[in-house]
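**Q** Protein chains in written order, with the working numbering: chain A, 14 to 126; chain B, 13 to 126.
Glycine included, C-beta positions come from ideal geometry on N, C-alpha and C.
In this text, all values refer to a predicted model and were calculated from it rather than measured experimentally.
Before we start, here is the structure in question, set down as structure tokens.
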Amino acid sequence: GENVEQHPSTLSVQEGDSAVIKCTYSDSASNYFPWYKQELGKRPQLIIDIRSNVGEKKDQRIAVTLNKTAKHFSLHITETQPEDSAVYFCAAISVAGGNMLTFGGGTRLMVKP
Amino acid sequence: NAGVMQNPRHLVRRRGQEARLRCSPMKGHSHVYWYRQLPEEGLKFMVYLQKENIIDESGMPKERFSAEFPKEGPSILRIQQVVRGDSAAYFCASSPATGDNEQFFGPGTRLTVL
Numbered sequence: 014g015e016n017v018e019q020h021p022s023t024l025s026v027q028e029g030d031s032a033v034i035k036c037t038y039s040d041s042a043s044n045y046f047p048w049y050k051q052e053l054g055k056r057p058q059l060i061i062d063i064r065s066n067v068g069e070k071k072d073q074r075i076a077v078t079l080n081k082t083a084k085h086f087s088l089h090i091t092e093t094q095p096e097d098s099a100v101y102f103c104a105a106i107s108v109a110g111g112n113m114l115t116f117g118g119g120t121r122l123m124v125k126p
Numbered sequence: 013n014a015g016v017m018q019n020p021r022h023l024v025r026r027r028g029q030e031a032r033l034r035c036s037p038m039k040g041h042s043h044v045y046w047y048r049q050l051p052e053e054g055l056k057f058m059v060y061l062q063k064e065n066i067i068d069e070s071g072m073p074k075e076r077f078s079a080e081f082p083k084e085g086p087s088i089l090r091i092q093q094v095v096r097g098d099s100a101a102y103f104c105a106s107s108p109a110t111g112d113n114e115q116f117f118g119p120g121t122r123l124t125v126l
């Protein structure tokens with residue numbers, strides 16, 4: 014089945030700096046890669062996603078890149094703000110492996126004011 | 013659209029009791045997924061259901077756990093004879109019948125086993 018690895022597990026940045034979180038996946042049939050933000054005690058919220066026919070997608074301060082050959086994808090947050098502090102999860106769906114999300118282990122992002 | 017609903021939000025059970033967790037998908041969604049999140053960990057897939065059918069239960073423990081999504085009413089995740097290790101947040105997600113991959117999460121049920 015699919016396996017998703019996520020790094021780093023914790024990331025501390027100064028307000029205004031950029032943050033980058035990286036994930037790798039194992040199943041070459043995976044075709045959908047969402048990123049979720051989870052605040053303490055809350056549900057995971059989708060912040061951006063990318064499909065395998067696209068290499069990059071941007072939404073204001075958030076961007077995601079996908080390298081299908083290397084089987085890795087990354088989340089980029091620019092001009093970080095204290096409210097960006099949360100746990101971020103990458104995930105992948107392989108149609109061949111069923112329609113479930115396989116999540117990375119999460120990255121705890123702390124943005125210091 | 014009310015979004016994915018889960019109840020109860022918090023559930024406390026003693027060891028050996030049964031826990032029933034309910035999930036109502038978003039309107040128009042016929043695919044339901046259950047995930048478990050242990051404290052300080054990521055989410056792990058448990059089971060994928062469509063109306064009256066279990067599509068994939070590969071992530072669900074073989075014993076004590078069961079799930080259903082009846083023709084009418086919410087999806088139910090049932091845990092029999094709970095143990096302390098079952099303490100976790102259980103999230104339900106739903107997606108449309110069109111095959112769109114995006115999954116929308118409910119607020120979760122936090123189960124505590126004493």
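#1: Going by the CB atoms, is the gap between B:VAL24 and B:PRO37 shorter than 8 Å?
#2: Quick one, are the C-beta atoms of A:GLN27 and A:VAL100 less than 8 Å apart?
#3: For the stretch 30–56 of chain B, which residues have a beta carbon sitting closer than 8 Å to at least one beta carbon of chain A?
#4: So, with DSSP's three-state summary, where would you put A:PRO7?
#5: Are A:ARG64 and A:ILE90 touching if we call contact CB-CB under 8 Å?
#6: If we count the other Cβ atoms within 10 Å of its Cβ and call it buried at 16 or more, is B:VAL44 buried or exposed?
#7: In angstroms, rounded to a whole number, what distance separates the CA positions of A:LEU122 and A:GLN19?
#8: Reducing DSSP to helix, strand and coil, say where A:ASP72 ends up.
#9: On the DSSP letters alone, give me the boundaries of the beta strand (DSSP E) that B:GLU80 sits inside.
#10: Report the three-state DSSP secondary structure of A:ARG56 (helix, strand or coil).
#11: Starting from the C-beta of B:GLU80, find all residues in its chain whose C-beta is less than 6 Å away, skip the five residues before and the five after it, and write them out in chain order.
#12: Following the continuous beta strand (DSSP E) through A:THR82, name the residue where it begins and the one where it ends.
#13: At 3 residues or longer, what runs of the beta strand (DSSP E) sit wholly inside the stretch 32–114 of chain B?
#14: Please report how far the alpha carbon of B:VAL95 lies from the alpha carbon of A:PHE46, in whole angstroms.
#15: In chain A, which residues lie less than 7 Å from B:TYR60 when you measure between Cβ atoms?
#16: Considering only C-alpha positions, which residue in the set A:VAL124, A:THR23 and A:SER87 is nearest to A:CYS4?
#17: Pick helix, strand or coil for B:VAL24, following the three-state DSSP scheme.
#18: Taking B:LYS83 as the reference, give the member of B:PRO20, B:HIS41 and B:GLY28 with the closest Cα.
#19: Whole angstroms is fine: what's the gap from A:ASP30's alpha carbon to A:GLY118's?
#20: With the cut-off set at 8 Å, would you say B:PHE57 and A:ARG56 are in Cβ contact?
#21: Would A:PRO47 pass as an interface residue toward chain B - the criterion being a Cβ-Cβ separation below 8 Å?
#22: Would a check of beta-carbon distances place B:PHE117 closer than 8 Å to chain A?
#23: Just to confirm my understanding: we take A:ASP72, look at its own chain, exclude 5 residues before and 5 after, and list those with CB closer than 7 Å. What are they?
**A** Taking the definition as stated:
#1: Walking along the second sequence from the start, residue 37 of chain B turns up at place 25. Walking along the second sequence from the start, residue 24 of chain B turns up at place 12. No; because the gap between Cβ atoms is not below 8 Å, this pair is not in contact.
#2: Here residue 27 of chain A is taken as the residue at index 14 of the first sequence, counted from 1. Here residue 100 of chain A is taken as the residue at index 87 of the first sequence, counted from 1. Contact: no.
#3: For the stretch 30–56 of chain B, which is checked against every Cβ of chain A, the residues closer than 8 Å are HIS43, TYR45, TYR47, GLU53, GLY54, LEU55 and LYS56.
#4: The structure shown does not extend to residue 7 of chain A, since chain A spans only 14 to 126, so no value can be given for it.
#5: Within the first sequence, numbered from 1, the residue matching residue 64 of chain A stands at position 51. Within the first sequence, numbered from 1, the residue matching residue 90 of chain A stands at position 77. In this structure, A:ARG64 keeps its C-beta atom at 8 Å or more from the C-beta atom of A:ILE90.
#6: The sequence position of residue 44 of chain B within the second sequence is 32, counting from 1. By the 16-neighbour rule on beta-carbons within 10 angstroms, B:VAL44 is buried.
#7: Within the first sequence, the letter at position 109 stands for residue 122 of chain A. Within the first sequence, the letter at position 6 stands for residue 19 of chain A. About 13 Å.
#8: The residue given as residue 72 of chain A occupies position 59 in the first sequence. A:ASP72 falls in the strand class under three-state DSSP.
#9: Residue mapping note: residue 80 of chain B aligns to position 68 of the second sequence, counting from 1. That run of the beta strand (DSSP E) goes 77–80.
#10: Here residue 56 of chain A is taken as the residue at index 43 of the first sequence, counted from 1. Of the three classes helix, strand and coil, the one that applies to A:ARG56 here is coil, per DSSP.
#11: Position 68 of the second sequence holds residue 80 of chain B. Closer than 6 Å at Cβ, skipping near neighbours: ILE88.
#12: Indexing the first sequence from 1 puts residue 82 of chain A at position 69. Looking at the DSSP string, A:THR82 is not in any beta strand (DSSP E), and its letter there is neither H nor E.
#13: 41–49, 55–62, 65–68, 77–80, 87–91 and 100–108
#14: The residue you call residue 95 of chain B lines up with position 83 of the second sequence. The residue you call residue 46 of chain A lines up with position 33 of the first sequence. For B:VAL95 and A:PHE46, the distance between alpha carbons rounds to 34 Å.
#15: Here residue 60 of chain B corresponds to residue number 48 of the second sequence, with the count starting at 1. Correct list: GLY111, ASN112 and MET113.
#16: Chain A is shown only over 14 to 126; residue 4 of chain A falls outside these bounds and no answer can be derived.
#17: Translated into the one-based positions of the second sequence, residue 24 of chain B becomes position 12. Looking at B:VAL24 - three-state DSSP - the assignment turns out to be strand.
#18: Here residue 83 of chain B is taken as the residue at index 71 of the second sequence, counted from 1. Nearest option by C-alpha distance: B:HIS41.
#19: By one-based count along the first sequence, residue 30 of chain A stands at place 17. By one-based count along the first sequence, residue 118 of chain A stands at place 105. If you take the alpha carbons of A:ASP30 and A:GLY118, they lie about 23 Å apart.
#20: The residue labelled residue 57 of chain B in the question sits at position 45 within the second sequence. The residue labelled residue 56 of chain A in the question sits at position 43 within the first sequence. No.
#21: Walking along the first sequence from the start, residue 47 of chain A turns up at place 34. So yes, A:PRO47 belongs to the interface.
#22: Within the second sequence, residue 117 of chain B is the residue found at index 105, counting from 1. B:PHE117 counts as touching chain A.
#23: For this step, residue 72 of chain A is matched to residue 59 along the first sequence. By the criterion of a C-beta distance shorter than 7 Å, A:ASP72 is surrounded in its chain by ILE61, once the five residues flanking it on both sides are discounted.
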